[in-house]
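A.B. asks:
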Amino acid sequence: MKGMITEIQRFSLNDGPGIRTTVFLKGCNLHCKWCHNPETILRKKELHFYPQNCISCYKCVAVCPSKAHKKIGGEHHLYRNLCIQCGKCADVCYAQALQMSGQLMSVEMVMAEIIQDKAFYLDSGGGVTISGGEALFQKDFVLALADACHREDIPVAIESNIAFPFSIIQEALDAVDLLMCDLKIFDSEEHKKWTGIGSELILDNIRRLDTSGRPYILRTPLVPGVTDSDENIGAISDFVQSLHNLLYYELLNFNPLGDGKYKSLDKPNEFVQARPLPESRMQALAGIAGGKGFEVRVA
Ligand code: SF4
Ligand code: SF4
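According to the numbering used here, the sequence shown holds residues 46 to 344 in order.
Here it is as structure tokens:
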């Protein structure tokens, strides 16, 4: 069993309780236009090019089987349409101007990383978080990895957009200790405009999740001009008020750090100008959600 992984991040403090290792899987069923991890959207491997790191050694030109790298007039050109994602150029690029996203890893390979910090998980109430991209896009790998973690007594959480048939959510619930899911936009047309699908399936899954008796957290990523309106947070809060078994609701401030990755992949970033919300606005939105009988957190 192998999964397509983009990164294994150790000592993570923002992906669930305690000290955690977060495993980022590659591939997503939604296409949120503000995504700050653009390399996790496609399931296939991708080549990043950071020209500012290039030292003009042209080893990439020599090894590329597709002639995707060319030196023309003393300048380095990358023809992405020729690239077959073999990774040979990144292997020889010691300046790290070329880097591959996406590595097929077995459960055993991932566990070898995870196990190194077992003592920290147990001391801090932490564990492993499986994230993405979309974790459940590689459901079978997630189930196998969760099983391997539990055999080591390591708790497992997953982050998911839960835009799947509920039977898949149920399998995940049975396999992990905590589900952290997003509710980004309440209005279905707006949800479709910004993510590619309407909100009905997600809302319905949250209602079913709430009756499952399993622990879960709801979160809204705050994206300037998209999810951060009083109306959206108000509508989501009214919906959350109807739930009974939520651990807490969390507002996540905008993360602007994806722009370098967009550039390195030659992909447009519609949110290049967007910045995190000021603390006063975060507190104002928390105030809209607060006082309704559920805990609100801000991150
Ligand atoms: S191998 Fe790396 S440093 Fe060398 S020319 Fe290619 S991109 Fe630049
Ligand atoms: S990943 Fe392979 S095919 Fe693509 S540019 Fe690098 S060497 Fe060429």
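Yeah, the Cβ is synthetic: ideal placement off N, Cα and C, and Gly gets one too.
Kindly give me the distance between the Cβ atoms of Gly72 and Arg55, rounded to whole angstroms, as I take these residues to be in contact under 8 angstroms.
C.D. replies: The pair is not a contact, with the Cβ atoms about 22 angstroms apart (cut-off 8 angstroms).
A.B. asks: Am I right that Arg65 and Thr174 are in contact with their C-beta atoms under 8 angstroms? What's the rounded C-beta distance?
C.D. replies: Right, their Cβ atoms sit about 5 angstroms apart.
A.B. asks: Mind checking which residues open and close the beta strand (DSSP E) that includes Gln215?
C.D. replies: That residue, Gln215, is in no beta strand (DSSP E); its alpha helix (DSSP H) goes Phe211 to Ala220.
A.B. asks: Any idea if Cys105 is buried or exposed, counting beta-carbon neighbours within 10 angstroms, 16 or more meaning buried?
C.D. replies: By the 10 Å Cβ count, Cys105 comes out buried.
A.B. asks: Does the beta carbon of Ala180 sit closer than 7 angstroms to a beta carbon anywhere in chain B?
C.D. replies: Absent from the structure is chain B; it holds one protein chain and no more.
A.B. asks: Is the distance from the Cβ of Ala217 to the Cβ of Ile203 below 7 angstroms?
C.D. replies: Yes, they are a contact pair.
A.B. asks: Counting beta carbon pairs with one atom in the segment 90-103 and one in the segment 113-124, are three or more of them shorter than 8 angstroms?
C.D. replies: Short answer: they touch.
A.B. asks: So if DSSP puts Val68 in a beta bridge, which residue, or which two residues, is it bridged to?
C.D. replies: Val68 pairs with Ile53 and Ile175.
A.B. asks: If you scan the segment 286-335 from start to end, which runs of the beta strand (DSSP E) of 3 or more residues do you find wholly inside it?
C.D. replies: With a minimum length of 3 residues, the continuous beta strand (DSSP E) runs that stay inside the segment 286-335 are 291-297.
A.B. asks: Alpha carbon to alpha carbon, how far is Tyr95 from Met150? Give it in angstroms, no decimals.
C.D. replies: So the alpha carbons of these two residues sit roughly 25 angstroms apart.
A.B. asks: Could you give the residue range of the beta strand (DSSP E) that holds Glu91?
C.D. replies: Per DSSP, Glu91 belongs to the beta strand (DSSP E) from Glu91 to Phe94.
A.B. asks: Is Glu245 near Ser233, with beta carbons less than 7 angstroms apart?
C.D. replies: Yes. Within cutoff.
A.B. asks: Short check: CB of Asn250 to CB of Asp227, under 7 angstroms?
C.D. replies: No, these two residues do not count as a Cβ contact at 7 angstroms.
A.B. asks: In the DSSP assignment, what are the bridge partners of Pro260?
C.D. replies: Answer by DSSP bridge pairing: none, since Pro260 is not bridged.
A.B. asks: Quick check on the DSSP output: the alpha helix (DSSP H) that includes Val268 runs from which residue to which?
C.D. replies: Premise fails: Val268 is in no alpha helix (DSSP H) and is neither H nor E.
A.B. asks: Please classify Pro110: is it buried, with 16 or more other beta-carbons within 10 angstroms of its beta-carbon, or exposed?
C.D. replies: With fewer than 16 other Cβ atoms within 10 Å, it is exposed.
A.B. asks: What whole-angstrom Cβ distance do Val343 and Leu296 have, given they're in contact under 8 angstroms?
C.D. replies: Val343 to Leu296, Cβ: 5 angstroms. Contact.
A.B. asks: State yes or no: is the C-beta of Cys99 nearer than 6 angstroms to some heavy atom of ligand 3?
C.D. replies: What this structure holds is ligand 1 and ligand 2, not ligand 3.
A.B. asks: Taking the continuous alpha helix (DSSP H) assigned at Glu120, which residues delimit it?
C.D. replies: Counting along the chain, Glu120 falls outside any alpha helix (DSSP H), though it belongs to the beta strand (DSSP E) covering Glu120 to Leu123.
A.B. asks: Can you determine whether any heavy atom of ligand 1 sits closer than 6 angstroms to the C-beta of Tyr124, and answer yes or no?
C.D. replies: Incorrect: Tyr124 has no Cβ contact closer than 6 angstroms to ligand 1.
A.B. asks: For Lys78, name the three-state secondary structure that DSSP assigns.
C.D. replies: Three-state DSSP puts Lys78 in coil, outside helix and strand.
A.B. asks: Give me, in chain order, the residues of the same chain whose beta-carbon lies closer than 8 angstroms to that of Pro313; leave out the 5 immediate sequence neighbours on both sides.
C.D. replies: Once the five neighbours on either side are set aside, the close Cβ partners of Pro313 are Tyr307.
A.B. asks: Any heavy atom of ligand 2 closer than 6 angstroms to the beta-carbon of Leu297?
C.D. replies: It does not: the Cβ of Leu297 is nowhere closer than 6 angstroms to a heavy atom of ligand 2.
A.B. asks: Taking 7 angstroms as the cut-off, decide whether the C-beta atoms of Met49 and Gly171 are in contact.
C.D. replies: No, these two residues do not count as a Cβ contact at 7 angstroms.
A.B. asks: Does the beta carbon of Cys109 fall short of 6 angstroms from some heavy atom of ligand 2?
C.D. replies: The answer is yes for Cys109.
A.B. asks: Within 10 Å of its beta-carbon, does Tyr166 have 16 or more other beta-carbons around it, so buried, or fewer, so exposed?
C.D. replies: When all chains shown are included, Tyr166 counts as buried.
A.B. asks: Around the C-beta of Leu127, are 16 or more other C-beta atoms found within 10 angstroms, so that it is buried, or is it exposed?
C.D. replies: Exposed, since its Cβ has fewer than 16 Cβ neighbours within 10 Å.
A.B. asks: Quick one: what's got a C-beta closer than 6 angstroms to Ala135's C-beta in the same chain, skipping five residues either side?
C.D. replies: Within the same chain, Ala135 has close Cβ partners Leu143, Gln144 and Met145.
A.B. asks: Assign Gly336 to buried or exposed, taking buried as 16 or more other Cβ atoms, counted over all protein chains shown, within 10 Å of its Cβ.
C.D. replies: Label assigned to Gly336: exposed.
A.B. asks: Pull up the distance between the alpha-carbon of Lys181 and that of Thr85, whole angstroms please.
C.D. replies: Sequence check: residue 181 is Leu here, not Lys. Cα to Cα, the separation comes out at about 13 angstroms.
A.B. asks: Since Ala191 is in the alpha helix (DSSP H), which residue starts that stretch and which ends it?
C.D. replies: Here the alpha helix (DSSP H) through Ala191 covers Lys184 to Arg196.
A.B. asks: By Cβ distance, which residues of its chain are closer than 6 angstroms to Tyr261, with the 5 residues on each side in sequence left out?
C.D. replies: So the list reads Leu224 and Leu254, once near-sequence residues are dropped.
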